[in-house]
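J.: Going by mature numbering (1 follows the signal peptide of the UniProt record, and there is no 0), the letters in the sequence shown line up with residues -20 to -1, 1 to 479, in that order.
For glycine and all other residues, C-beta sits at the position ideal for the given N, C-alpha and C.
Here the structure is a predicted model, which is why all the values come from computation and not from measurement.
Would you mind keeping the following structure in view while I ask a few things?
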Amino acid sequence: MKKSLFLILMAMLLIFSVSATGQQETPKNIVRVADQVPNLITPGVWDGQTFSMNCTIYEYLVELDPETNEVIPCLAKDWSTTDGKVWTLKLQEGVKFHDGSDFTSEDVKFTIERTQDPDLGHLQKADFQIVESIETPDDYTVVLTLKEVRPTFIYLFLAYNMMMLSSDYDYASLGESQPMGTGAFKMAELRPKESALLVKNEEYWVAGLPKADELRIYFVPDIDASMNMLEAGKVDIAPFATVIHKDRLEAAGFEVISPYQEHRFVALAADREPFNDNRVRQAMKYCMDPEVLAAACQGELGVDIFYNESPILNNQSQYYDIPFRGQDIEKAKELLAEAGYPNGLSVELYYGSDHPFGKELTQTIKELAAPAGFDVQLKGYSRDVYLSQYWMNAPMLLTGWGGRPDPSMLLMLAYHSEGPWNESHINEPRVDELIGKILAEVDDTVRQGYYDELAKVFYDRGTILNIQVPYYVALRKEVKDYSQPMTFVTRYKETYISE
C-alpha cells in the first residue's frame, strides 16, 4: 500500500515537474536592436537618437502607412475639417496608459497646450502657436480652432515629439527616468547611455499586438560596432548601415533594406563668418560636383544618390527641378576674391564621424573645395558629442535628416528664422514669407508655385547643400514584419522573431 502510494505520488510529481519545466521552457519572443545613444528622452524635447525606444512607449494621434506614406489613424480614429481652420478629432475608445488611466480628449488638450510651456522648450512650439482654442465636448472628441487656415495641419501630429501624454503624469520629473505612454511596450529597465528593456503591454488596445514579448535596445555610439553586434548574433536589427556595410552583410546572409531616402545637409551658417557673405556660400556651391559626391557614397547620381540646393527631396512632388549650376572653380575663386579672400580661407566642417556617409562626404567636400582656395578643416566627433556640443553652433556642418511626408514640416522646423532646429541660421524674410504661404495655401497649384519660388531663393541665397542618400537598416533573416515609414517611427509593435 505504501509502495503504491509512493508510486502515485512520484508519478504526480513527475507530471507536475514536466508541466512546470514545459512552462519554463516556453521561449519569449525577443527583438534586440542596436541603436544610437539618446541624449534627452523627455517628450517634447527628445532628439532623433530616441526613436526606437520612445516610439514603442508612446503613440501618436496619426501615423504613416509604411507602404503608401499616407496618413492613417492611430489614437485618433478619424479627423475632419470643412475649411482648414476648424478641425475635429475623434479618438479611439478603450485606450489606457501604462499606469491604467484612460486616454481621453483631456490628454490631447494637455499634450497640445504643453507645446507652449515657456519652461520646456518644446520643439513643436512654433508649429502649434497656430492653435487658437481647444474644446473637448466629450471624452473622445477634440475640436481645434486655428488662427488661420492650415490645410496640412494633421501632418503636425506626425512630428516625433507630438506623442500623446497623460494629463495626470509628471513628465517634468519622471520623463527622463520613467517614460509612460499608451504604446505597445512598457519600460521595464532603463540604463542611461547603455540599454533599455521594454516588455509587452498586456493591456494594449490593438488585439494581437505587440507580437514580441520583449524589446531590448542597446545604445551603441559607433555604427561599425552596431554592425559587428549584428554579425556576432548579439542583436537582430541594426539601423544606419552604410553602403560598405550593405555589401558585406548581404554576402553574409543578412537582409539590408532601404525604407526611404534621407538628407545629408551641409549647412553654411548665414550669421557668422565666412558664410554670412552670400558670395562665399555661392563659391562653395560652385566647387561641388554632384557626380563625385555620389561616387563618394558608392552610389549613382539620379539612381540612389540625389543632389540639390533646396530642402526638398528630389522624389517629392513639391520638388522644383533647377539644373545643376555645374562645378566652376574659376567662378568660385572670383567670388572669394570679391568677398575679400583673394588668397583663399580656412573653414571648419563639423560632422558626426560615425554617421552614415559622414566621413566619405566631408572628405570629398574638402577635396572639391580645395582648388578654389577653401582650406576645409574636418572636425569629426561621435554622434552624441557632435549633436550635444557642436550641432547648431558651427560655421559649417554636415547633419543627417530624415525625410518628412510633407516638406512643410521640415521648412518650419529648420528653415524659418524662428525654427528651433535652424542649423544654418538662415534669416531671409522672403523665405519666412514663402513658408507661411505654403502652410496656409489650400490650392495645390498655388501652393506649388510657392515651393517653386522657394527653390529659386535657396538657389540664389540659400544656406545648404542637400545630398540625398538611402537610409539602410540591416536585419537578421529571422526578423519578420519590420517596417519603418518616412517619419522614423519604427513599427516594432508588429515585429517579431521567427526562428
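1) Report yes if the CB atom of Ala212 is closer than 8 Å to the CB atom of Val236, and no otherwise.
2) Roughly how far, in whole angstroms, is the beta-carbon of Pro465 from the beta-carbon of Leu44, given that I think they are within contact range, below 8 Å?
3) Buried or exposed: which applies to Ala218, given that a residue is buried once 16 or more other Cβ atoms fall within 10 Å of its Cβ?
4) Please report the residue range of the alpha helix (DSSP H) in which Pro219 lies.
5) Classify residue 523 as buried or exposed, calling it buried when 16 or more other Cβ atoms lie within 10 Å of its own Cβ.
6) May I have the straight-line CA-CA distance separating Val223 from Glu128, to the nearest angstrom?
7) Where DSSP assigns a beta bridge to His243, which residues make up the other side?
8) Quick one: what's got a C-beta closer than 7 Å to Ser238's C-beta in the same chain, skipping five residues either side?
9) What are the boundary residues of the beta strand (DSSP E) that includes Met167?
10) Quick one: Cα of Glu93 to Cα of Glu413, how far?
11) Excluding five sequence neighbours on each side, which residues of the same chain lie with their C-beta closer than 8 Å to the C-beta of Leu178?
12) Going by C-alpha distance, which of Ala275, Gln298, Gly324 is nearest Tyr430?
13) Rounded to whole angstroms, what's the CA-CA distance from Met142 to Asp15? Just pull it up for me.
14) Output the boundary residues of the beta strand (DSSP E) element that contains Thr121.
15) Can you tell me which residues form a DSSP beta bridge with Ala176?
16) Val327 to Asn288, Cα distance in whole Å?
17) In terms of residue numbering, what span does the beta strand (DSSP E) encompassing Pro409 cover?
18) Ends of the alpha helix (DSSP H) at Ile37?
19) At the level of alpha carbons, what is the spacing between Lys57 and Thr132?
20) In the stretch 55 to 112, which residue ranges form an unbroken beta strand (DSSP E) of at least 3 residues, counting only runs that do not cross its ends?
21) How would you call Glu47, buried or exposed, if buried means at least 16 neighbouring beta carbons within 10 angstroms?
22) Measuring CA to CA, which of Arg456, Pro190, His335, Ala249 is closest to Ala374?
23) Throw me the rounded Cβ distance for the Tyr361 and Ser333 pair, which I believe falls under 8 Å.
24) Taking 8 Å as the threshold (C-beta atoms), are Ser146 and Thr116 in contact?
25) Between the C-alpha atoms of Thr1 and Ala192, what's the straight-line distance to the nearest angstrom?
26) Straight-line CA distance for Leu390 to Arg384?
27) Just to confirm, is the Cβ distance from Pro270 to Phe304 under 8 Å?
28) Identify which residue in Gln262, His396, Leu136, Val356 has its Cα closest to the Cα of Glu318.
29) Can you check whether the CB of Val272 is closer than 8 Å to the CB of Leu378?
30) Alpha helix (DSSP H) containing Val356: first to last residue?
31) Between which residues of its own chain and Gly442 is the CB-CB distance below 8 Å, once the five residues before and five after are set aside?
32) So Phe83 and Leu55 are in contact, right, with Cβ under 8 Å, and what is the actual spacing, rounded?
33) Going along the chain, which residues of its own chain have a beta-carbon closer than 7 Å to the beta-carbon of Tyr151, five neighbours each way excluded?
34) Would you list the residues sitting across from Leu455 in a DSSP beta bridge?
35) Would His243 pass as a contact of Gly380 if the rule is Cβ separation under 8 Å?
36) Compare the C-alpha of Leu316 against each of Ala349, Val66, Leu341, Gly338 and name the closest.
T.: Taking the structure as given:
1) no
2) 4 Å
3) buried
4) Not the alpha helix (DSSP H): Pro219 falls in the beta strand (DSSP E), residues 217 to 221.
5) The structure shown does not extend to residue 523, since the chain spans only -20 to 479, so no value can be given for it.
6) 45 Å
7) Trp381, Gln448
8) Pro450, Tyr451, Tyr452
9) 165 to 171
10) 26 Å
11) Met33, Thr36, Ile37, Phe165, Lys166, Met167, Ala168, Glu194, Leu195, Arg196, Ile197
12) Gln298
13) 21 Å
14) 121 to 126
15) Leu170, Ile197
16) 22 Å
17) Careful: Pro409 lies outside any beta strand (DSSP E), inside the alpha helix (DSSP H) at 409 to 420.
18) 31 to 37
19) 17 Å
20) 56 to 61, 66 to 71
21) exposed
22) Ala249
23) 6 Å
24) no
25) Residue placement at Thr1 is flagged as unreliable, the pLDDT there being 49, under the threshold of 50; the coordinate-derived value follows with that caveat. Going from the Cα of Thr1 to the Cα of Ala192 covers about 22 Å.
26) 7 Å
27) yes
28) Gln262
29) no
30) It is not in any alpha helix (DSSP H) - Val356 instead sits in the beta strand (DSSP E) that spans 354 to 361.
31) Arg261, Glu289, Ser290, Ile406
32) 7 Å
33) Thr22, Pro23, Leu145
34) Ile217, Glu235
35) yes
36) Ala349
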